[in-house]
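Notes for the one structure printed next.
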Amino acid sequence: MCIPPLRLRTVAANPYSTQVALPEGAKARFGKGSINAIAYAPDGTRLAVSSTLGIWIYDPHSGEELEVFVARNADAAVMQTAPVSIGDIAFSPNGQTLASAGYDSVVRLWDAVTGEQKAIFTGHERSALQIAFSPDGQTLASGGGYWDPTVRLWDISSGRQKAILTGHESAITSLAFSASRCTAVSRLQS
């Protein structure tokens, strides 16, 4: 089954104009921050869009906004009301969980249907930029930014960090697992 094209456009409006021109069929996302990442649920029924202000869940068939997840800064020194900019997002293989990597260095697991925050994984310094689930959904890989160029592997059921993979010299810009679950690959910015 093919899904019709859904175009979401982040709009930076001219403060001196009351009009904004959008391409035919595009949906404006006023006040929702710039788009950082997108992810389809494995069954194709939901499209997640991460931004500088949170995560929006859309019905990819109709374009209707279904849910909004807003991560709040976990640092007590920062205002709790300030939303966290979300970098990468990924659905678990069964589609029940959505993982997010935040610029506050926190990796979060969300109930993909209700938007309830299920778990928080901490350990990255300054930012977590990338995220990927293993094919069996039991392990989550997260990649750090310039100040923490590591890949961390997390056990989903216990929430414990399984391993820290070092050797990168710059920010992790992509993560993926092989289908066999035996290999995780990462890419860094050079």
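Residues 1 to 190 in our numbering are what the sequence shown lists, from first letter to last.
Here a beta-carbon is modelled for each residue, glycine too, at the ideal position from N, C-alpha and C.
* **Rounded Cβ spacing between I240 and S51 (contact assumed at less than 8 Å)** => It is not possible to answer for residue 240, since the shown part of the chain is limited to 1 through 190.
* Asked: For I156, which option in A99, T150, L53, D88 has the closest C-alpha, if you only look at C-alpha atoms?
  -> On the sequence shown, position 156 is the one that residue 156 refers to. Shortest Cα-Cα distance from I156 to any of A99, T150, L53, D88 involves A99.
* **Among E64, I164, I172, K162, nearest to G144 - alpha-carbon criterion** => Counting from one through the sequence shown, the residue named residue 144 turns up at place 144. For the options E64, I164, I172, K162, the alpha carbon positioned closest to that of G144 is the one of I172.
* C-alpha gap between R108 and D43, whole angstroms -> Residue numbering aside, residue 108 sits at position 108 when the sequence shown is read from its first letter. Residue numbering aside, residue 43 sits at position 43 when the sequence shown is read from its first letter. Counting only the Cα atoms, D43 lies some 22 Å from R108.
* **Per-residue burial, D136 [other beta carbons within 10 Å of its own, 16 or more giving buried]** => If you number the sequence shown from 1, residue 136 lands on position 136. Of the other Cβ atoms in all chains shown, fewer than 16 fall within 10 Å of the Cβ of D136; this residue is therefore exposed.
* **Of the residues I164, P149, Q117, R126, the one placed nearest T139, counting alpha carbons only** => Against the sequence shown, residue 139 aligns to sequence position 139. Of the candidates I164, P149, Q117, R126, the one whose C-alpha sits nearest the C-alpha of T139 is I164.
* Output the distance between the C-alpha atoms of A184 and T166, rounded to the nearest integer angstrom. => The sequence position of residue 184 within the sequence shown is 184, counting from 1. The sequence position of residue 166 within the sequence shown is 166, counting from 1. Approximately 13 Å between the Cα atoms of the pair.
* **Spatial neighbours of W56 in its chain, beta-carbon cut-off 7 Å, leaving aside the 5 residues before and after** => Here residue 56 is taken as the residue at index 56 of the sequence shown, counted from 1. K32, V49, E65, V68.
* Under a three-way DSSP split, which group does T122 fall into? -> Taking the sequence shown and counting its residues from 1, the one referred to as residue 122 is at position 122. In this structure, T122 counts as coil in the three-state DSSP scheme.
* To do: Mark Y58 as exposed unless 16 or more other C-beta atoms lie within 10 angstroms of its C-beta, in which case mark it buried.
  => Working through the sequence shown from its first residue, we reach residue 58 at position 58. Under this definition Y58 is a buried residue.
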